[in-house]
Structure formats: C-alpha cells, structure tokens
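For reference, the structure is listed below as structure tokens.
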Amino acid sequence: MKITTRIAKATALAGAMLLPAAASAEELVVGAFGGSFAENAKACYVEPFEKATGATVTLKLANSSQHAAAVRATAGESDMDVIFMDDAFAAQLKNEGLTEKLDRSKLTHADEIVPDAWGADDAYVVAMLSATTIVYNPQTVTTPPTSWKDLFDPKYAGRVTIGDISGTTGWQFLMAVNKMEGGSLDDITPGLKAIKPLAENSVVLYTQADQVVSLFERGEVDIAVWYPDRAGVAAQKGLPVAVAYPQEGAVAIKPSVVMPKGTQRSDLALKFIDQVLSAESQKCFSEAAFIGSVNKDVKLSDEVSKIVPTDEVVKKLLFLDPNTMSQKLPEWTRQWQREVAR
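So this is what it looks like as structure tokens:
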C-alpha cells in the first residue's frame, strides 16, 4: 500500500513537472515601432489578443528599415511572426519573396477594411494612415508654418531637426522637397541639393521617432519634420507641440502589417492581424495614437479628427507608390549618404 502510494505520488509529481511545458501558452513575436507606438500596440492589440487566445506576445522594437534588414538576414527563417513596417518596405520584402500571403478567408474583419489598404497579392495590409508633416513649438513659433519652405528659414538654423533617410520621414521629406524643387523619381539631385544645408543646420538627423520628443522636451528645437500621431500623443501629455500640414501637401504614411516568410505560427499570426484590423482595436489605436483608421466601421472623435489627415488634407497628400519606392530606396540611400550625411 505504501509502495503504491509512493508510486502514485511520483507519477503525479512527474505529471506536474510536465504540465507547464504541455500547457504553456504559444508565443508570438511581433516586430513593432518603439515609444508611444509600442505602448498603444500593447493596449489596443496585444492585450485583447492575449485575452482572446491565451497566447503571449513579445514585441521586438525597431524602425522599418531595421526590421526589413532583420528579415533579409534570416533568409526566410525570421524570428518574428508579424511585423509592422511602412508599405514601401513591405513591398520590398514581397518583391524579394520574403513575405507570406495573407489569407483573407481566415481574417474575419477583412471585408471591413478599405480596399486600397491591401498590398499587391495580399502580401501586406495597411493598418493605419498617418503622414510626414511639420511639427512645431507654438510657444516659440508664433506664426504657424504653412509650407515645407518654412523649414529652410535661416531663423531656424540650429533649431530644426529632420529624419535620416533610414527612417520614414527622411526619405519622404526628400521626396516632398525633390518634387518642390522640380526633381523626379529618376533624378533626386534637386532634393538632395536643397536638403544638404538644412541637414547641416539640423540639431540631429534622427533615426528613431521618439528622439524628437526629447529634443522638444529639452527645448533644443523649435520645428521638425515629424509625425502628427506622435505629436498628438506628446501634446496630450503636455508637450508644447502643434501640427501644420504644408500647402504643398504632406506625405502619406501607411504603416502596414506583414507576415514574414518562415513563421511557424502562421495561424496565430493571422489571428493577431485580424485583431489589429477589428473595429474595436482600430478605434482604440486611432484614438490613443492620433492616427487614421482603415476599418470602415470606425468613427473618430473630434479631438483626433483635428490631427489625423482627413478631408482636405487627404486630398493634398502625396501618396508614393510602394513598389516604386522599394526599387528606388537603396540607391537613394547611397546618394544621401554620399551627398547629405557625410
């Protein structure tokens, strides 16, 4: 009897030791942007997804070019299952055969999404709409800027910041200036020539969006090429910043979600993407991050609608073809490094 009891206890103990491994939650690794984006992604996407599925999500933070480089480095065996990145980089990876097709039949909210949000061959889907535009400190800039040209005013020398071309604002601002200067997609020399002195007068060519928050907090800059969503979040927290859309048109940003080739958790990844596309999560993220929604069922508050690109602003937005951008960016980056960053 005692032997039987000991055997039973030993069996129960062994079972208990094995139980955590057998019942452990699945883990999904999601590549995302840092700062307030990551905070809002946790609240609006990750938490409801974890509650609904029992899975756990780990966020891996970087910008679009860094995420794209990481996918290339793993050559189809990415350690990430879902990645947020701008549509130009998503198109790059699609063209390189490094993304999985998103199966709309497994996305319950697919029909709620605006048609233009879907990438070629459903290689990615746009998750939100923002822009590269002008952000300024209304306490030091008493006359709101109205044009990209205002950034070049000598009074802002040493008090301005623009993004490096490795980040979205960098190459998008280059496109806006190049167009303004009469350049073309085949000749960005006018844009580079115009931007070079501005880069020299910039406090820093930032590579991560939240670097700009610190610059405004420390009073080192008065004006920046930045994102309205980041500015909206910062202003809500008390930072003196305001958004100005240039009369020439801001540049549309379409942060997208992709499923990199090689994920072993495609079904779970699609469930996460479905969560991102849901009206509940779209509204949550848009309201928290001051960013446009792609779900047709979402109605935004007046406070958010004043900052996100809507109506007349959208009509003026410069929408850049992601496939063209993906082909041109590598050479543009080399030119920038030779002519601007050196």
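Residue numbers -25 to -1, 1 to 317, in mature numbering (1 follows the signal peptide of the UniProt record, and there is no 0), belong to the letters of the sequence shown in order.
Glycine included, every Cβ here is placed at the ideal spot set by N, Cα and C.
CB-CB length for residue i against residue j, believed under 8 Å
{"i": "THR108", "j": "SER39", "result": "With 8 Å as the limit, THR108 and SER39 do not qualify as a contact, their Cβ atoms being about 18 Å apart."}
{"i": "PHE8", "j": "ALA264", "result": "Not confirmed; about 10 Å, so no contact."}
{"i": "VAL232", "j": "LEU104", "result": "With a Cβ gap of about 14 Å, VAL232 and LEU104 do not count as contacting."}
{"i": "residue 320", "j": "ALA43", "result": "Past the boundaries of the shown model lies residue 320; the chain is included only from -25 to 317, so the question cannot be answered."}
{"i": "LYS291", "j": "GLY224", "result": "4 Å"}
{"i": "GLU25", "j": "THR31", "result": "6 Å"}
{"i": "LEU160", "j": "VAL178", "result": "That belief does not hold up - the Cβ atoms of LEU160 and VAL178 are roughly 30 Å apart, past 8 Å."}
Beta-ladder partner(s) of residue i, from DSSP
{"i": "ILE198", "result": "TYR111, VAL135"}
{"i": "VAL101", "result": "SER231"}
{"i": "MET60", "result": "SER231"}
{"i": "TRP93", "result": "VAL100"}
{"i": "ASP242", "result": "Bridge partners of ASP242: none, in fact."}
{"i": "THR74", "result": "PRO235"}
{"i": "VAL4", "result": "THR33"}
{"i": "GLY10", "result": "BP columns for GLY10 are empty, so no partner."}
{"i": "GLY213", "result": "The partner list for GLY213 (beta bridge, DSSP) is empty, contrary to what the question assumes."}
Distance between residue j and residue i (C-alpha atoms, nearest Å)
{"i": "LYS130", "j": "LEU245", "result": "50 Å"}
{"i": "GLU33", "j": "PRO119", "result": "The question names Glu, yet the displayed sequence has Thr at residue 33. Going from the Cα of THR33 to the Cα of PRO119 covers about 41 Å."}
{"i": "VAL226", "j": "LEU3", "result": "32 Å"}
{"i": "PRO221", "j": "ASP277", "result": "21 Å"}
{"i": "THR115", "j": "ALA184", "result": "21 Å"}
{"i": "GLY158", "j": "TRP93", "result": "29 Å"}
{"i": "ASP62", "j": "ALA(-1)", "result": "31 Å"}
{"i": "ARG240", "j": "ALA16", "result": "20 Å"}
{"i": "residue 341", "j": "VAL283", "result": "Nothing about residue 341 can be reported from this structure: the residues present for the chain run from -25 to 317 only."}
{"i": "LEU167", "j": "ALA106", "result": "21 Å"}
{"i": "VAL110", "j": "ARG205", "result": "10 Å"}
{"i": "VAL200", "j": "ASP249", "result": "32 Å"}
{"i": "ALA174", "j": "VAL152", "result": "13 Å"}
{"i": "ALA316", "j": "SER122", "result": "24 Å"}
{"i": "ILE170", "j": "TRP146", "result": "11 Å"}
{"i": "SER256", "j": "THR49", "result": "31 Å"}
{"i": "LYS229", "j": "ASP296", "result": "11 Å"}
{"i": "TRP311", "j": "THR83", "result": "43 Å"}
Residue environment, residue i, which counts as buried when at least 16 other CB atoms sit within 10 Å
{"i": "GLN67", "result": "buried"}
{"i": "GLY194", "result": "exposed"}
{"i": "THR136", "result": "buried"}
{"i": "ALA(-4)", "result": "Bear in mind that the predicted position of ALA(-4) carries a pLDDT of just 36, short of 50, making it unreliable; the figure below should be weighed with that in mind. ALA(-4) comes out exposed."}
{"i": "GLU75", "result": "buried"}
{"i": "LEU180", "result": "buried"}
{"i": "THR238", "result": "buried"}
{"i": "LYS281", "result": "exposed"}
{"i": "PHE294", "result": "exposed"}
{"i": "PRO235", "result": "buried"}
{"i": "SER253", "result": "buried"}
{"i": "SER53", "result": "buried"}
{"i": "residue 382", "result": "One cannot answer for residue 382 here, as it falls past the ends of the chain, which runs -25 to 317."}
Simplified DSSP assignment, three categories, for residue i
{"i": "LEU167", "result": "helix"}
{"i": "MET55", "result": "coil"}
{"i": "PRO119", "result": "coil"}
{"i": "TYR220", "result": "coil"}
{"i": "THR308", "result": "helix"}
{"i": "ASP128", "result": "coil"}
{"i": "LEU36", "result": "strand"}
{"i": "ALA(-4)", "result": "Bear in mind that the predicted position of ALA(-4) carries a pLDDT of just 36, short of 50, making it unreliable; the figure below should be weighed with that in mind. Helix at ALA(-4)."}
{"i": "GLU156", "result": "coil"}
{"i": "THR83", "result": "coil"}
{"i": "THR285", "result": "coil"}
{"i": "LEU275", "result": "coil"}
{"i": "THR31", "result": "strand"}
{"i": "residue 322", "result": "Absent from the structure is residue 322, since the part of the chain shown begins at -25 and ends at 317."}
{"i": "SER177", "result": "strand"}
{"i": "ILE88", "result": "strand"}
{"i": "VAL21", "result": "helix"}
{"i": "ALA106", "result": "strand"}
Closer than 7 Å: residue i CB and nearest the ligand GDP heavy atom
{"i": "LYS290", "result": "Because no ligand of any kind appears in the structure shown, any question about the ligand GDP cannot be addressed here."}
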